[in-house]
Amino acid sequence: MLLRVEDLHKRYGKEEVLKGVSFSLEKGETKVIIGPSGTGKSTLLRCINRLTEPDRGRVWLEDVEITSPKVNINRIRAQIGFVFQDFNLFTHLTALDNVRLGLIRVKGMSKKEATARAMEELARVGLADKANAYPAELSGGQQQRVSIARALAMDPKLILFDEPTSALDPELIGEVLAVMEDLAKSGMTMLVVTHEMGFARTVADEIIFMEKGVIVEQGPPEQIFSSPKQPRTAEFLRRITDLYGGAR
Amino acid sequence: MGLPLPPLTLEHWLSVWSYLPTLLQGLSVNLALLGGLLGVGFVLGVIVALLEVYGPRGLRLFAAGYAWVFRSIPEILLLLLMWFGPAQFGLSISPFTAAVLALGLRSSAYQAEIFRGALQAIPTGQTLAARALGFSRLQAIRYVLLPQALRLSLAGWGNEFAVVLKDTTLAYAIGVVEVMRQARYIGSRDFPLTLPAYILVAMLFLVVTYFGLFLLGNVEKRLRIPGLEARR
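If you're matching them up, the sequences are chains A and B in order.
Whatever position you read off the first sequence (first residue = 1), add 466 for our numbering.
The letter at position 73 of the second sequence is residue 62 when you use our numbering, and the numbering goes up by one with no holes.
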C-alpha cells in the first residue's frame, strides 16, 4: 500500500470539515475524489502532506507515518507532488527555473543535472519551447502543465491534484487533462479532486464520493456512475450532469 | 535685519569653483556615509521585516517596537545620542561610525516597512507551493519570498535612497568632515563665498540624486519580470 489515510479529522472553528476520512491508495493507482463544494476535499488533500495540520487521524506513506510529530515533513513533502487549483508557479522565475528550483535546493542536484531533468519534464508536458517564459507570459493551461512538470521532476511517489482545471477557461481544460491522463497511464500514483466527470469516468481506477466531511461511497467508476448505491451519490451526479453536461 | 553679506560679484561666482575639489572630497564622505547607512539599514531592515511578518509573537512585538522607536526620534537627536552615548560608557567610536550607525538604524526602520509591505503583498499560494515541494520555512523565504519582495520594494527603496542621501549632511552636527562642513570652511575662510559655496553644494546634490535614481531605474528595468509588478 502506498498511501493509507486513517480516520482524518479537521475542524475550522465551529465547523468540522473532515469527520473521519479513511481510504488507501495502491502504487500506480489513480483515485478521483468527487463531491459538492465545501465538502472538505481540498482540506483532505492538504492534510495528507500536512500543508494543513489535521486535528486527528493518521496518514502513512508506505511504512512512514507522515502524521508522526517525529517525521521530517519537508523530506516527506518532497516525495509527494502537489498540483494547485491556481497553479502557484513562482512568479519571479521562468518555467525552467520553476521546475528545477526544487531539484537544486531540496534534492541537492547540480545545476546541470537539474536542468537536464527539468527539460525532460517540460518536454513531457509539451512545453520545452516555453522553458524561458515567465508564468505571466503563459496561458493558464500552460501554467498548469508547468506546475505538473514541477511536481513530476521531483520524482514523487504520488501526486495530489487539487481541482487542477477549475481555474481554467473551458478551452484550456483539455490540454491539462490530456497530460494527466498520460501520467495515469504511465503508472503514476494519483489522487485527484475534480469536477471533470469525463476524466473521472475514463481515467480513475476508483471514485471516492465525499459529502459533508465524510466518504459517502467509493467504487469503480462504472458502478458509481451507472448504479450508485447511495441516493446522495445519485443526487450529486444528477446535479453535476446538469451543470457540466455530463461525462464526456 | 539679516546677515551683513557683501554684494556678490561675478568674480565670487567664478572663484568658488576653485574649491570644487575640496567640496567633492567632502561629498565623497557623504557617499561613504550613504553606502554605510544603506548597508546597515538594508540588512537590519530585511531582518526586522522578516520578524514582523513571519516571526513568533514575541519577536513580532520586538520588531514593531524597534520600528516605532527609530521612526519616532528625530535624526539629529539619534546622531547626538549615538555620538555621546557610547562615549559615556568609555566606548570611543569615530564620528563617522556614529553617523553610519545612527542614520543606518533610522533607515532600517523605514526600509523594514517597505519590505514588510512587499512581503505581505505576496500571495500565500507562493509559500504553499514552496512548502509542498519540500522547502523549509527558511528556504521558502530565501528562494521564493525575498526575491519577489525585494523586486516589489525597488520603487519604495529608491525613495528611501533619495531621502537618506540628503540626511548624510546631518553628520555635520557631530563633526564629520563632509560636504556641508567643507562648505562652511570655505565660508569662514572667504566670507563672501558662503552663499556661492552652499549653492554649489546644492547643485552637487542635484547631480548625485539624478544619477542615483537613474542607476536605480536601470536596476529596476534589468530586474523587471513580466507580470510581477502588475500585481501591486
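Every residue, glycine too, gets a C-beta built ideally from N, C-alpha and C.
Model, not experiment: these values are computed from the prediction.
query	result
Give the residues of chain A in contact with B:PRO45, contact being defined as C-beta atoms less than 9 Å apart.	Chain A residues near B:PRO45: none, gap ~17 Å exceeds 9 Å.
Taking A:LEU703 as the query, report the chain B residues whose CB atoms sit under 8 Å from its CB, ordered along the chain.	Per Cβ cutoff of 8 Å: no residues; A:LEU703 is ~31 Å from chain B at best.
Would you kindly work out how many angstroms separate the C-alpha atoms of B:ALA219 and B:ALA162, rounded to a whole number?	Because the pLDDT at B:ALA219 is just 47, under 50, the model does not fix this residue reliably, and the value given afterwards should be weighed accordingly. Whole-angstrom Cα-Cα distance: 43 Å.
DSSP puts A:LEU425 in a beta bridge; with which residues?	Missing from the structure shown is residue 425 of chain A; chain A here goes from 467 to 714 and no further.
If we cut at 8 Å on Cβ distances, does B:ARG105 have a partner in chain A?	no
Which residues, in order along the stretch 196 to 211 of chain B, keep a beta-carbon less than 9 Å from a beta-carbon of chain A?	none
Need the endpoints of the alpha helix (DSSP H) that A:LYS507 sits in, please.	507 to 514
Beta-carbon of B:VAL42 versus every beta-carbon of chain A: anything under 8 Å?	no
So, is the C-beta of A:ARG714 closer than 8 Å to a C-beta in chain B?	For A:ARG714, the predicted structure reports a pLDDT of 46, less than 50, and the residue's modelled location is therefore unreliable. A value from the coordinates is still provided. No - not a single Cβ of chain B is within 8 Å of the one on A:ARG714.
Find out if the Cβ-Cβ distance for the pair B:GLU149, B:ILE214 is shorter than 8 Å.	no
Tell me, to the nearest whole angstrom, how far the beta carbon of A:GLY547 is from that of A:LEU618; I am working on the premise that it is less than 8 Å.	7 Å
Listing by chain order, which chain B residues have their CB less than 7 Å from the CB of A:GLY574?	Simply none; closest approach about 11 Å.
Please compile the residues from chain A whose C-beta is within a distance smaller than 8 Å of the C-beta of B:GLN115.	ASN554, PHE556, THR557
Mind listing the chain A neighbours of B:ILE130? Cutoff is C-beta to C-beta under 7 Å, in chain order.	Those do not exist, as B:ILE130 stays about 12 Å from chain A at its closest Cβ, beyond 7 Å.
Would A:PHE556 and A:LEU569 qualify as a contact pair, given that the criterion is a beta-carbon distance under 8 Å?	no
If the cut is a Cβ gap below 9 Å, which residues of chain B does A:GLY568 touch?	ALA119, LEU122, GLY123, PHE124
State buried or exposed for A:MET663, treating a residue as buried only when at least 16 other CB atoms are found within 10 Å of its CB.	buried
So what's A:MET575 in DSSP terms, helix, strand or just coil?	coil
Tell me the rounded alpha-carbon separation between B:LEU12 and B:LEU134.	42 Å
Got a sec: which bits of the stretch 585 to 619 of chain A sit with their beta carbon under 9 Å from any beta carbon on chain B, in order along the chain?	ALA599, TYR600, PRO601, ALA602, GLU603, SER613, ARG616, ALA617
Determine the closest residue to B:ALA186 out of B:VAL5, B:LEU(-6), B:PRO(-4), with distance taken between C-alpha atoms.	B:VAL5
Tell me the DSSP bridge mates of A:THR496?	A:MET656
If you follow the beta strand (DSSP E) that A:ILE673 is in, where does it begin and where does it stop?	672 to 677
DSSP state of B:PHE124, grouped into three classes?	coil
For B:GLY25, which three-state DSSP category applies?	helix
From the DSSP output, in three-state form, read off A:TYR780 for me.	The structure shown does not extend to residue 780 of chain A, since chain A spans only 467 to 714, so no value can be given for it.
For the candidate residues A:ASP529, A:LYS578, A:ILE499, A:ALA599, whose alpha-carbon lies nearest to that of A:ASP671?	A:ILE499
With DSSP as the reference, label B:VAL89 as helix, strand or coil.	helix
Does B:VAL35 come within less than 8 Å of chain A when only Cβ atoms are used?	no
Cα separation between A:LEU643 and B:LEU127?	34 Å
My parser needs the alpha helix (DSSP H) runs of 4 or more residues fully inside the stretch 160 to 217 of chain B; what are they?	168 to 178, 183 to 212
Please confirm whether A:SER490 and A:PHE553 have their CB atoms less than 8 Å apart.	no
Take A:GLU528 and list the residues in its own chain whose beta-carbon comes closer than 7 Å to its own, dropping the five residues that flank it on each side.	LEU468
Please report the residue range of the beta strand (DSSP E) in which A:GLN689 lies.	No beta strand (DSSP E) contains A:GLN689, which is instead part of the alpha helix (DSSP H) from 687 to 692.
Just reading off the alpha helix (DSSP H) that B:LEU70 is part of, what are its end residues?	64 to 77
Taking only the alpha-carbon atoms, compute the straight-line gap between A:LEU703 and A:VAL669 and give it to the nearest angstrom.	17 Å
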